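Since the structure comes first, as C-alpha cells, the remarks are kept for the end.
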Amino acid sequence: MRRQFINDPQEHVREALDGFERTYPHLVRWNREPSYVARATPPAQPKVALVAGGGSGHEPLHAGFVGSGMLDAAVPGAIFSSPTAIQLEAATRAADSGRGVLHVIKNYTGDVMNFGIAAELVSADGIEVERVLVADDLATDAPEGTGPGRRGTAAVLVVEKACGAAAERGASLQEVAALGRRIADNARTMAMALASCAHPGESEPSFELGPDEVELGVGIHGERGVARVPFGTAAQLVPQLVDPVVEALGLTRGDEVIAIVNGLGATHPLELSVVFRETALLLEEAGITIARQLVGPYVTALDMAGVSITLVRADAELVELWDAPVRTAALTW
Amino acid sequence: MRRQFINDPQEHVREALDGFERTYPHLVRWNREPSYVARATPPAQPKVALVAGGGSGHEPLHAGFVGSGMLDAAVPGAIFSSPTAIQLEAATRAADSGRGVLHVIKNYTGDVMNFGIAAELVSADGIEVERVLVADDLATDAPEGTGPGRRGTAAVLVVEKACGAAAERGASLQEVAALGRRIADNARTMAMALASCAHPGESEPSFELGPDEVELGVGIHGERGVARVPFGTAAQLVPQLVDPVVEALGLTRGDEVIAIVNGLGATHPLELSVVFRETALLLEEAGITIARQLVGPYVTALDMAGVSITLVRADAELVELWDAPVRTAALTW
Amino acid sequence: MVSDGLLDAAAARAWVDAFVGVADAERGALGELDRRSGDGDFGSNLQTSLTRARVELASATGATPAEPFALLSTAFLNTGGTSGPLYGMWFRELSRTFGEAEAVGLDALAAAVAAGTATVQRLGGATVGDKTMVDALAPAGDALAAAAAAGDALPEALRAAALAARAGAEGTAELVARRGRASYVGEVARGVIDPGAVTVALFFEAAPGVSAS
Amino acid sequence: MVSDGLLDAAAARAWVDAFVGVADAERGALGELDRRSGDGDFGSNLQTSLTRARVELASATGATPAEPFALLSTAFLNTGGTSGPLYGMWFRELSRTFGEAEAVGLDALAAAVAAGTATVQRLGGATVGDKTMVDALAPAGDALAAAAAAGDALPEALRAAALAARAGAEGTAELVARRGRASYVGEVARGVIDPGAVTVALFFEAAPGVSAS
Ligand SMILES: Nc1ncnc2c1ncn2[C@@H]1O[C@H](COP(=O)(O)OP(=O)(O)O)[C@@H](O)[C@H]1O
Ligand SMILES: Nc1ncnc2c1ncn2[C@@H]1O[C@H](COP(=O)(O)OP(=O)(O)O)[C@@H](O)[C@H]1O
Ligand SMILES: [Mg+2]
Ligand SMILES: [Mg+2]
Ligand SMILES: [Mg+2]
Ligand SMILES: [Mg+2]
Chain B
47 MRRQFINDPQ EHVREALDGF ERTYPHLVRW NREPSYVARA TPPAQPKVAL
97 VAGGGSGHEP LHAGFVGSGM LDAAVPGAIF SSPTAIQLEA ATRAADSGRG
147 VLHVIKNYTG DVMNFGIAAE LVSADGIEVE RVLVADDLAT DAPEGTGPGR
197 RGTAAVLVVE KACGAAAERG ASLQEVAALG RRIADNARTM AMALASCAHP
247 GESEPSFELG PDEVELGVGI HGERGVARVP FGTAAQLVPQ LVDPVVEALG
297 LTRGDEVIAI VNGLGATHPL ELSVVFRETA LLLEEAGITI ARQLVGPYVT
347 ALDMAGVSIT LVRADAELVE LWDAPVRTAA LTW
Chain V
47 MRRQFINDPQ EHVREALDGF ERTYPHLVRW NREPSYVARA TPPAQPKVAL
97 VAGGGSGHEP LHAGFVGSGM LDAAVPGAIF SSPTAIQLEA ATRAADSGRG
147 VLHVIKNYTG DVMNFGIAAE LVSADGIEVE RVLVADDLAT DAPEGTGPGR
197 RGTAAVLVVE KACGAAAERG ASLQEVAALG RRIADNARTM AMALASCAHP
247 GESEPSFELG PDEVELGVGI HGERGVARVP FGTAAQLVPQ LVDPVVEALG
297 LTRGDEVIAI VNGLGATHPL ELSVVFRETA LLLEEAGITI ARQLVGPYVT
347 ALDMAGVSIT LVRADAELVE LWDAPVRTAA LTW
Chain G
4 MVSDGLLDAA AARAWVDAFV GVADAERGAL GELDRRSGDG DFGSNLQTSL
54 TRARVELASA TGATPAEPFA LLSTAFLNTG GTSGPLYGMW FRELSRTFGE
104 AEAVGLDALA AAVAAGTATV QRLGGATVGD KTMVDALAPA GDALAAAAAA
154 GDALPEALRA AALAARAGAE GTAELVARRG RASYVGEVAR GVIDPGAVTV
204 ALFFEAAPGV SAS
Chain A
4 MVSDGLLDAA AARAWVDAFV GVADAERGAL GELDRRSGDG DFGSNLQTSL
54 TRARVELASA TGATPAEPFA LLSTAFLNTG GTSGPLYGMW FRELSRTFGE
104 AEAVGLDALA AAVAAGTATV QRLGGATVGD KTMVDALAPA GDALAAAAAA
154 GDALPEALRA AALAARAGAE GTAELVARRG RASYVGEVAR GVIDPGAVTV
204 ALFFEAAPGV SAS
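Chains as they are written, first to last, in this note's numbering: chain B, 47 to 379; chain V, 47 to 379; chain G, 4 to 216; chain A, 4 to 216.
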C-alpha cells in the first residue's frame, strides 16, 4: 500500500509548485496562471530561450533545471499528462528575449501536439520557435512510421544542459537546435523497475510484480514495460540495460560517452552508486570511456523503484558544454 | 515486498563507495582501508578539519557533504552502525592539517564511543580534537541523565555547513567547536514515516503500518517511533512535526529559522514540496521567518517513506555562514 | 442574425452559447463513450473546457462573430487531453478567418471550417476513417463547401453541415481507431461511436436555425 | 616465560594466541548469550575481531610482550558494536603500559589492567553492577592488585585474576543491564550471563600457567 503527503490530489501539483518556488526563490518564479516556472532573474543579455515541459510526477524534471546555463522556463502539466497549449504559449512568450525559443520536447503524442500548437500560436506574433524532439527510450523502438516512436526520457537532461550552455554563449536558434538534435540522435536509454508507482492519492501501484520478477523497459508513467525478466543481483541486472544501449548506439572501443544512472524515485543512493559501478565496469571492459556522469534521481516516475541508464555519445564539444557553469535547483556547478 | 539493486549485502556499502568515488572523482577520494571518504584535493591553506561519520544507509549523509566549505572527511560504518575507531582515527589523521580536527557526531552510543576512542588515539600524537554532539531528535527527548539522550539527525547538516564555512575562513578549533555547539543547542527535529524501510538484501520492512496509521517520532534506522497517529492530509500531518519543534525551541513571533524538510528516502519531490509549503504556512502564521531552507532527501533511512522537519534558530551570523560557498556532491552553491 | 444570409456577432454568440449548453448536458454520455473506446477522460476534459468557456464568454464585448469562437478556442486550448487542443485550434481558425468582420457569410464560414479541419489534421495526423473528430469535421466542411458552391442560403447550409456531421459521427461506430487513446483498445471499441466526432455534430446542431427547423 | 616472575614476549604471545583460540571456539555460545540478553551480534563482532587478529599477529616481530596486545587492540578497534572498541582500548592500555619492556612483572600487569579498566569505564560509562564486561574486568584487576601488594608470584596472581573474572561474569546473571543493547531488554535478560564479561574470564583463563594448573 502506498501513501503520500498530499492534500487534494487535484491541487497536488499546484501546491508543490508553490512549495518549490518558496524553496528556491532566488532561482525560480512560478507563474500561477497559466502555470509555468521561469527564472527568477531574466538573462542579462538577449539569448536563445529554452523551454521544456511535460507531465508532472518526474521531478526534479523540468522545473529543477530552470536557471542560468540551462532552461529559461519549465511547463508542468498534471501528473503524467501534457501541459496545455496555453501554458506552453505563455511560457514561450515569457521566455523569448528576441532571439527565438527552443522547445525541448519529450516524444509523447500530447506533448508534441501541445508544443506544436504553442509554436503556432506565438509564431503569429513573430516569435521564432525551433524544436528538439527527444526520443531516447529503446524499449519503445519500432520501425519508422509504425507508431508514435521511442518515448523521451532522461536524455532530455543532456539536451537541456548542453543547449542551455550554447544558448548562454550566444549561439543562434538554429545552432542550438542543431546541437540538440545531434545530441538526441546520439542518446539512448533503457529502464527497469523493481516496483511500480502509485498516483498521488491512490494506494495501489499501477502494476504488480512477483518476488522474482523485474519489469524491463518501463517508461516514466507507471506503464508496463516490454518484458518481465528474473530478479537478480545488480551485476546480473545492469547489463540488461547497458548492453542494448551500447548496441543501439553502435558504441565501440575508444568511444566516449556521457552516462546517466537515473533513479526512478524510490531507489536509494547506495543502490544507484552500486548500479553506476556496474555500469562503469561494463563500459570499462568494452573500452568505452565515461567522460562525464550523473547519478541520482533526476527523471522520476513518482515513487517507482527502479533505474534507467542513458548513454550519450560524447565528443570534446559536448563535454565542454556539459562542463559549462549551471545554476539550477537540481544541478549546479 | 522490498527489493534492491544489490550484489552481496556484505559488500553493499563498499561497492556503493566505489561507485560514489567514480561519480565524483573531482570532489572526493575513497580511502579503501580503513574506509573513509576525503576531499579529492586537500585545502590550499591549513585549516581546522571537519570529520563526520556514522552508519551507512543515510546517504547522501555524510559523504555527500565532503568538499570545500563543508567536510574534510566522512567515515561510513556498515548499514546503520557506527564506523570503527580505526576508521575514525585514520580519517582524523588524514584530515588534520595542523590546526586541529572537529568531530561532528550524531548522538548514538556507538558513534560517541568510537569517535571518543579515535580522539584518544590521535591525541597521543598531538592532534587536537574537539567534538560537537548533535542531538536534535525531539522524539527521544528525556530528562537529563535518564538515558542516551536525543538522537542526532538532520540538524547535523547545519552544523557541518556552518562550521565548514567558519573553518574555511580560518576560525580556530575552539571557535568552530563553540559555533557548532551553539547551533546544535538551537536545533530540534521531528520525523514521521508512512512506511518503514528494509535493510539491503532483506525483503521485509522493519515495521508494518496499518492503512490508517502513521509512525510518529521515527528515527533514521527503521526503529519504531514513539506513537502511532492517524493518517491524514499533509495539512493535518505536518503540524504534528512543526508544532513540537517550535515549542521545544521556544520560537516566538519575530524569530528567524533555517528549516530543513528532509525526505527519509522514498518520499517524492512533489510531496516534499507540499510538506515544505505546509511548514512555511504554519511558520508564517506564527510570525516566524524562514531565513533559509533545504528541501530534499539529505538524511535518509534507506527506502523509508517519510519526512523529518528540522528547525534551527538563526541569526545573521548563521545565515551568513549558511550562504558561504559550498561545493560537495549533495550541496553546491 | 442569419436571416439576411450573414452570421452576425449576436448569432455567433448564440451559437456558441447553445453549443456550450448542449455539450455540457451531454458530457456524461460523451465521457461514457470514451470510457468504452478510449481512456475515459473525455467527459472531464470537456467539462474543464466548458467551465472555462463560460468564464471567458462572460467578459465578451460582443463586437464581432469572431470573438466568441476566439474565447472558445482559448478555453479548449487550456485543457489537457487530445481533444481540447484540437478543438481549440479548430475554433481558432474560425475566429481567425472571420477576422474583424461584423458579420460573415457562407463562403467565409466554409473557408473557416476547411481551414480549421486542415489544422486539426496537420496537428493530429488523422484522416477520415481513423475514428476521430475528423470523421465529423470533414463531411461537415464538405457540406458547407458544396452549399456555398450551389449558392444555398446560410441556414440551409448549416442544416446540411449538421446532418453530415451527425452521419459522420454515427459512422465511426463501425471503425477501429488508429489515432488517440482509442487506438490502444482496437477491436474492443468497434460498435462504439467516437465521442470527439459526436461533439462536432453537437456543435453544428447548435448553429442558429438548425435545431429550430 | 612466567617462571621467573616475568611475562616475556613469547609468553605474551602464547597468552594472546590461547585467548584467540578459546574465544573463537566459544563464539557461538557467546553470541547465543547476546541473543538472549542483547541484540545478538556479539558472536559476529567477536569473529570479525579474531579473524583480523590472526592476520595482524601473523606479521608480529615477537620483540616485546606489548606487541601482541597492541595487535589485538588494533583488531578489536577495527570492529563495530560496543564490545569491539572497548576491548580494543583495554588491550591498548596493556600494550601502552608495557611499553618497550622486554618482559614485565606483576606490578606492571596490575597497573596495566587497572589503566585498561579505567579507560573502559570512562568510555563506556559503566560501573560494576551494570551487567557488562566491567563486572569481570574490575574484580580481575582487584585480584592482581591484591596479589601484587601481597608479593605473590605472577602465575598465582593470574590464577586469582582468572577466578575473580569468572566469578564476576557468573554474577552478571543476577543483574539487570543498564548499559549497552542489553539495557533495552531489561528484566527479560535476568538469569542470562553477560557475554562481554565471560569473554574477559576467557582471557584471564588463557593466561600462561592458569589452565595448566
Ligand atoms: N490524432 C487525433 N486527431 C484528431 N482527433 C483525435 C486524435 N486523437 C484523438 N482524437 C479525438 O479526441 C477524442 C478523445 O479526446 P480526449 O479523451 O480528450 O483525449 P485522449 O484521447 O488523449 O484521452 C477522440 O474521441 C477523438 O475524436
Ligand atoms: N557501556 C558499556 N560499558 C562496558 N561494556 C559494555 C557497555 N555496553 C555493552 N558492554 C559490553 O558489550 C557487550 C555487548 O557487545 P556487542 O554485542 O559487541 O555490542 P552491542 O551491545 O552494541 O551490540 C555486552 O555483553 C557488555 O559486556
Ligand atoms: Mg480520452
Ligand atoms: Mg487522455
Ligand atoms: Mg550486541
Ligand atoms: Mg549491536
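Yeah, the Cβ is synthetic: ideal placement off N, Cα and C, and Gly gets one too. This one's a predicted model, so the numbers in the text were calculated from it and none came from an experiment.
- Contact between the segment 155-168 of chain G and the segment 95-114 of chain G is present: three or more C-beta pairs spanning the two stretches fall below 8 Å.
- When secondary structure is reduced to three states using DSSP, residue 90 of chain A falls in the helix class.
- For the beta strand (DSSP E) assignment, the uninterrupted runs of no fewer than 3 residues enclosed by the segment 115-199 of chain V are, from N- to C-terminal side, 119-125, 147-152, 175-180.
- For the pair residue 131 of chain B and residue 84 of chain B, the CB atoms are not nearer than the 7 Å cut-off.
- Rounded to whole angstroms, residue 128 of chain G and residue 286 of chain B show a C-alpha spacing of 35 Å.
- Close to residue 91 of chain G, with beta-carbon spacing below 9 Å, are these residues of chain B in chain order: 130, 131, 132, 163.
- Chain B places no beta carbon closer than 7 Å to that of residue 48 of chain G, leaving this residue out of the contacts.
- The closest CA to that of residue 78 of chain G, considering only G:34, G:69, G:49, G:136, is found on G:49.
- A residue is called buried once 16 or more other Cβ atoms fall within 10 Å of its Cβ, and residue 379 of chain B, having fewer, is exposed.
- Per DSSP, reduced to three states, the secondary structure at residue 365 of chain B is helical.
- Distances from the alpha-carbon of residue 300 of chain V to those of V:350, V:336, V:291 put V:336 closest.
- Residue 50 of chain V counts as buried, since no fewer than 16 other beta carbons sit within 10 angstroms of its beta carbon.
- Legend: CB atoms of the segment 88-119 of chain G lying less than 9 Å from CB atoms of chain B belong to residues 88, 89, 91, 92, 95, 99.
- Taking 7 Å as the cut-off, the Cβ atoms of residue 94 of chain G and residue 164 of chain G do not count as close.
- Listed in chain order, the non-local C-beta contacts of residue 48 of chain B below 7 Å within the same chain comprise 244, 249, 251, 349, local neighbours out to five positions each way being set aside.
- Taking 6 Å as the cut-off, one finds no heavy atom of ligand 3 near enough to the beta carbon of residue 46 of chain G.
- Between residue 315 of chain B and residue 106 of chain V, the C-beta gap is smaller than 7 Å, which places the two residues in contact.
- When DSSP assignments are scanned along the segment 40-64 of chain G, the uninterrupted stretches of alpha helix (DSSP H) that are 4 or more residues long and fall wholly within it turn out to be 45-61.
- Comparing C-alpha distances from residue 260 of chain V to each of V:375, V:284, V:170 shows the shortest one belongs to V:284.
- Closest option to residue 79 of chain V, judged by alpha-carbon separation, among A:22, A:31, A:55: A:55.
- Assignment of beta-bridge partners to residue 77 of chain V by DSSP yields V:82.
- Out of B:238, B:214, B:190, the CA that lies nearest to the CA of residue 367 of chain B is found in B:214.
- Taking each of B:328, B:320, B:329 in turn and checking the Cα distance to residue 58 of chain V, the smallest one comes out for B:320.
- Sorting B:67, B:306, B:365, B:277 by C-alpha distance to the C-alpha of residue 53 of chain V places B:277 at the top.
- Residue environment for residue 72 of chain B: exposed (fewer than 16 other C-beta atoms within 10 angstroms of its C-beta).
- Classified as exposed, residue 61 of chain A has fewer than 16 neighbouring CB atoms from the shown chains inside 10 Å of its CB.
- With a beta-carbon spacing of about 7 Å, residue 230 of chain B and residue 179 of chain B fall inside the 8 Å limit used to define contacts.
- Going by beta carbons, residue 306 of chain B and residue 200 of chain B fall inside the 7 Å limit.
- In the DSSP assignment, residue 61 of chain B falls within the alpha helix (DSSP H) that extends over 58-69.
- Not one heavy atom of ligand 2 lies closer than 6 Å to the C-beta of residue 179 of chain A.
- When the five nearest sequence neighbours on each side are left out, the beta carbons in the same chain lying within less than 6 Å of the beta carbon of residue 107 of chain A are those of 10, 68, 101, in order along the chain.
- Around the C-beta of residue 190 of chain V, fewer than 16 other C-beta atoms lie within 10 Å, and the residue is accordingly described as exposed.
- In the structure shown, residue 171 of chain A falls within a helical segment according to DSSP collapsed to helix, strand and coil.
- Between residue 135 of chain G and residue 193 of chain G, the CB-CB gap reaches or exceeds 7 Å.
- A check of alpha carbon separations from residue 19 of chain A across A:45, A:53, A:47 identifies A:53 as the nearest.
- By the Cβ neighbour-count rule, residue 197 of chain B is buried, with 16 or more other Cβ atoms within 10 Å of its own.
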